[in-house]
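What follows is a short report on a single structure.
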Amino acid sequence: MKKKTLSKPLKTIYVFSSSTENQVPDESNVVLVNMAVFEKDGAVFLHEPSAQLKTLINGWQKDGKCVLVSLGGEAEPIQDWHHFYGKEFSEAFEAFTKNLSTLQNEYGFDGFDLDVEGQSVLTMDDAKKFAEFGTRLRNKFPDAIIALTVPADNALTPGAYWADFIGGMSAPHNLGWNVMTVIAHDKAEFDRIYDFVQIMAYDSPSDKRGDHTQGSAVWLAHVYRDFSQTCTYEFNKRIPQSGADDYNNYPGISTSKLVLGVTADTANQGYATPSEIGQVQTELETLTKPESLKLGGGMIWRADSDKRNQDHAVSTALYALLK
6 MKKKTLSKPL KTIYVFSSST ENQVPDESNV VLVNMAVFEK DGAVFLHEPS
56 AQLKTLINGW QKDGKCVLVS LGGEAEPIQD WHHFYGKEFS EAFEAFTKNL
106 STLQNEYGFD GFDLDVEGQS VLTMDDAKKF AEFGTRLRNK FPDAIIALTV
156 PADNALTPGA YWADFIGGMS APHNLGWNVM TVIAHDKAEF DRIYDFVQIM
206 AYDSPSDKRG DHTQGSAVWL AHVYRDFSQT CTYEFNKRIP QSGADDYNNY
256 PGISTSKLVL GVTADTANQG YATPSEIGQV QTELETLTKP ESLKLGGGMI
306 WRADSDKRNQ DHAVSTALYA LLK
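Per the working numbering: the sequence shown = residues 6 to 328.
Here you go:
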């Protein structure tokens, strides 16, 4: 299988595996099928796939879109990536990758979206093992498109000593660290593993940036800036480290592979109106002067909500920012 070339800028959108009709806007160039469920023994299966799904996937690909299957998130059973960490779980990892390959071949997926939402990376050791898991997965699937999707409230806010969830609320929060400094620490390897990174910039009610709440253009601009820019933090000042273990240094993620995710569902926490979304690029340029960062990609959760919301008003507003 030859690795598919991603169209840029990235315009991604989620659909349910139970979808029976095409609700994906023409402008989208990546479709993420939500979702495949995995179990601790390595079993992998699609959640309630429709009889039309294979036909839909084939149609999207004929239109030039890349189609990925999304794994992880907040599904039942709990989707803990740690089932496949380290040598002690090598048998489960082998079963997982074998079953994932079977699923990929059956449906023709171009690759995978790894969704991390609150499980599996609750300690620094977990974060190191997740980084290693990414390397092992890429080695198994050298020609697959692999995306990493993470919540906004794990982002690295300049001046912060510790941040929520990824490196925050669970131990060792008192030591101060952030998982993105660990996962992305080896920038060359991180870039080899992940073709793009999506930020779920919604469902983060406690998260504030620049004294603005989620759903505002300013907040969205802060989130995107925090993930993209290099920065040296003082997360580890109580546990001085250096060299390969100096996780104070966050290398940043290139905007060409960094995707800002918004929700099209008005009932979701952090819903940003199309008019607010339309101001994000202006706010981002103002926030990052003199560099004036450009938004490199946009993600919509999800196609059915986007269709119902003024006939794709949210995706229209977000994709219009991507030149």
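Just so it is clear, CB atoms sit at the ideal spot from N, CA and C, and this is done for glycine as well.
Beta-carbon spacing of residue i, residue j below 8 Å
{"i": "G220", "j": "V264", "result": "no"}
{"i": "G257", "j": "Q234", "result": "yes"}
{"i": "V285", "j": "A193", "result": "no"}
{"i": "I62", "j": "V49", "result": "no"}
{"i": "G77", "j": "W86", "result": "yes"}
{"i": "R230", "j": "L327", "result": "no"}
{"i": "A272", "j": "V20", "result": "no"}
{"i": "D191", "j": "T154", "result": "no"}
{"i": "Y276", "j": "T287", "result": "no"}
{"i": "K145", "j": "G91", "result": "no"}
Cα-Cα separation between residue i and residue j, rounded to whole angstroms
{"i": "S280", "j": "E32", "result": "19 Å"}
{"i": "D118", "j": "D46", "result": "20 Å"}
{"i": "A157", "j": "L108", "result": "29 Å"}
{"i": "E53", "j": "E122", "result": "21 Å"}
{"i": "S261", "j": "F201", "result": "8 Å"}
{"i": "F43", "j": "T291", "result": "43 Å"}
{"i": "D270", "j": "E81", "result": "22 Å"}
{"i": "E83", "j": "F89", "result": "One point to set straight first is that residue 83 is Ile, not Glu, in the sequence displayed. Using only the alpha carbons, I get a separation of about 14 Å."}
{"i": "I171", "j": "C236", "result": "Residue placement at I171 cannot be trusted, given a pLDDT of 40 that sits under 50; the coordinates are not used to answer."}
{"i": "Q274", "j": "D208", "result": "5 Å"}
{"i": "S310", "j": "N27", "result": "13 Å"}
{"i": "L300", "j": "T17", "result": "13 Å"}
{"i": "L51", "j": "F114", "result": "12 Å"}
{"i": "F232", "j": "T186", "result": "10 Å"}
{"i": "A136", "j": "G69", "result": "31 Å"}
{"i": "H317", "j": "A41", "result": "25 Å"}
{"i": "K103", "j": "P14", "result": "32 Å"}
{"i": "E296", "j": "A226", "result": "14 Å"}
{"i": "S320", "j": "E93", "result": "43 Å"}
{"i": "R143", "j": "K9", "result": "15 Å"}
{"i": "I150", "j": "G64", "result": "19 Å"}
{"i": "G283", "j": "S22", "result": "30 Å"}
{"i": "A176", "j": "I204", "result": "Reliability fails at A176, whose pLDDT of 38 lies under 50, so the model's placement of it is uncertain and no value is given."}
{"i": "N253", "j": "A132", "result": "14 Å"}
{"i": "R313", "j": "Y255", "result": "39 Å"}
{"i": "T293", "j": "T218", "result": "19 Å"}
{"i": "Q315", "j": "E96", "result": "48 Å"}
{"i": "L180", "j": "Q66", "result": "Confidence at L180 is low in this model, with a pLDDT of 45, below 50, so the placement of that residue is unreliable and no value is reported for it."}
{"i": "W224", "j": "V184", "result": "21 Å"}
{"i": "L289", "j": "V126", "result": "29 Å"}
DSSP state of residue i mapped onto helix, strand, coil
{"i": "Q84", "result": "coil"}
{"i": "D118", "result": "strand"}
{"i": "A41", "result": "strand"}
{"i": "G91", "result": "coil"}
{"i": "S23", "result": "coil"}
{"i": "L323", "result": "helix"}
{"i": "N314", "result": "coil"}
{"i": "K67", "result": "helix"}
{"i": "L265", "result": "strand"}
{"i": "H190", "result": "coil"}
{"i": "T271", "result": "coil"}
{"i": "N34", "result": "coil"}
{"i": "T260", "result": "helix"}
{"i": "V184", "result": "helix"}
{"i": "G283", "result": "coil"}
{"i": "A168", "result": "Its pLDDT being 42, under 50, A168 is placed unreliably by the model, and nothing is read from it."}
{"i": "D208", "result": "coil"}
{"i": "L11", "result": "coil"}
{"i": "L298", "result": "coil"}
Residue closest to residue i, alpha-carbon to alpha-carbon, out of the options
{"i": "E99", "options": "F138, V35, N110", "result": "F138"}
{"i": "L11", "options": "N144, R143, G116, V155", "result": "G116"}
{"i": "E206", "options": "L15, I188, V228", "result": "Position check: residue 206 holds Ala in this sequence, whereas Glu was assumed. Closest option to A206, Cα to Cα, is V228."}
{"i": "V38", "options": "R313, I305, V319", "result": "I305"}
{"i": "T278", "options": "E288, L323, V155", "result": "L323"}
{"i": "A152", "options": "M185, F195, A189, Y199", "result": "Y199"}
{"i": "E111", "options": "Q203, F135, D148, L58", "result": "L58"}
{"i": "V74", "options": "K103, F94, G64, V35", "result": "V35"}
{"i": "K7", "options": "R313, Y252, P147, L289", "result": "P147"}
{"i": "R141", "options": "F232, T186, R197, N314", "result": "R197"}
{"i": "D130", "options": "D120, A149, I188", "result": "I188"}
{"i": "A56", "options": "T154, E96, S24", "result": "S24"}
{"i": "A325", "options": "P30, V184, F101", "result": "P30"}
{"i": "S259", "options": "F195, V126, I150", "result": "F195"}
Beta-ladder partner(s) of residue i, from DSSP
{"i": "A152", "result": "D118, F201"}
{"i": "F50", "result": "V42"}
{"i": "S75", "result": "N39, D118"}
{"i": "K16", "result": "G303"}
{"i": "N110", "result": "None, per the DSSP bridge assignment."}
{"i": "Y255", "result": "C236"}
is_contact[residue i, chain C] using C-beta, thresh 8 Å
{"i": "D130", "result": "Absent from the structure is chain C; it holds one protein chain and no more."}
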